[in-house]
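In case it helps, UniProt numbering puts the sequence shown at residues 1 to 223.
Single-structure report; data block below.
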Amino acid sequence: MTDPVLSLTDAELTLSGNAGPVEILHGITLDVTSGETLGLVGPSGSGKSSLLMLMGGLERATGGTVAALGHDLTALDEDALARFRRDNMGVVFQSFHLIPTMTALENVAIPLELAGARDAHERAEAQLVAVGLGHRAGHYPGQLSGGEQQRVALARATAPHPKILLADEPTGNLDAANGAQIMDLLFDLRDRHGATLVMVTHAPELAERCDRVVRLTDGRISA
Ligand SMILES: Nc1ncnc2c1ncn2[C@@H]1O[C@H](COP(=O)(O)OP(=O)(O)OP(=O)(O)O)[C@@H](O)[C@H]1O
Ligand SMILES: [Mg+2]
């Protein structure tokens, strides 16, 4: 038995909105094992992105526990969380969070530089080629299409070979050919580097390749 890479026990997320507290996730208990690929599905507003944020320590659970690689994320302070993410996680958000004043190449190189890689630019360039954007390396996010920005975000998240990759609809804005290329990149991270993948997806062809699919309905696991 290996310990789970991600372990949520009765996790709750309540955010305070203008109209008072909004209960977003309830009683989420879920283990993800090493090298497993988990798909998250469910209707819009069911809490998929919020669950990914909890797993990545980007939102703090308001109840229960969330542990990653044996660390209780609910107990780490902001600095420790940031370090933990830098060393262990890649995250691709639904809105890609690229840095607008940096080129595609610079965006992909950042986490590699933070990880101390000497060949950060070479590796970043290779990763852009892997997502089919070698010819756009010098472009700024504002000069890229939505699908291109998404691929830059994926290149950035995967380049450091994170142990855990959390991706929100990684093929959402892509045509079939580019979507297939991205799926291959993600599964390659698992096959060659043993990464554990958690992906929100509406795409049946991506859900089919997952080891397990969890469905959320109204902030609860329903299947
Ligand atoms: N900061 C916030 N404050 C209050 N409510 C929020 C906040 N962020 C998200 N929500 C609410 O939480 C619920 C879950 O949102 P979430 O983004 O996790 O859904 P989702 O399943 O990812 O949906 P989609 O498929 O549309 O991306 C929604 O009802 C949303 O309106
Ligand atoms: Mg979402």
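Note that the Cβ used here is the ideal one computed from N, Cα and C, for glycine as well.
Computed from a prediction, not measured in an experiment: that's the story for all the values here.
Rounded straight-line distance, which links the Cα of Leu54 to that of Leu144: Roughly 29 Å separates the two Cα atoms.
Neighbourhood of Glu59 by C-beta distance below 7 Å, restricted to the same chain and skipping five residues each side: Leu13, Ser50, Met53
Contacting residues, own chain, Cβ-Cβ under 6 Å from Arg220 (five flanking each side not counted): His26
Three-state class that DSSP yields for Asp31 in the structure shown: strand
Proximal residues to Thr101 (C-beta, below 8 Å), its chain only, five neighbours per side dropped: Tyr140
N- and C-terminal bounds of the alpha helix (DSSP H) containing Thr158: Looking at the DSSP string, the run of the alpha helix (DSSP H) that includes Thr158 is 146 to 158.
Sequence-ordered residues whose beta carbon comes within less than 5 Å of a heavy atom of ligand 1: Leu15, Gly17, Val22, Ile24, Ser44, Gly45, Ser46, Gly47, Lys48, Ser49, Ser50
Glu169 CB to nearest heavy atom of ligand 2 below 8 Å: Within the chosen limit of 8 Å, ligand 2 reaches the beta carbon of Glu169 through at least one heavy atom.
Buried or exposed by the 16-neighbour rule on C-beta atoms within 10 Å, applied to Asn107: buried
9 Å Cβ cutoff met for Val41 and Leu98: Their beta carbons are not under 9 Å apart, which means Val41 does not touch Leu98 by this criterion.
Cβ-heavy atom distance, Gln94 to ligand 2, below 8 Å: yes
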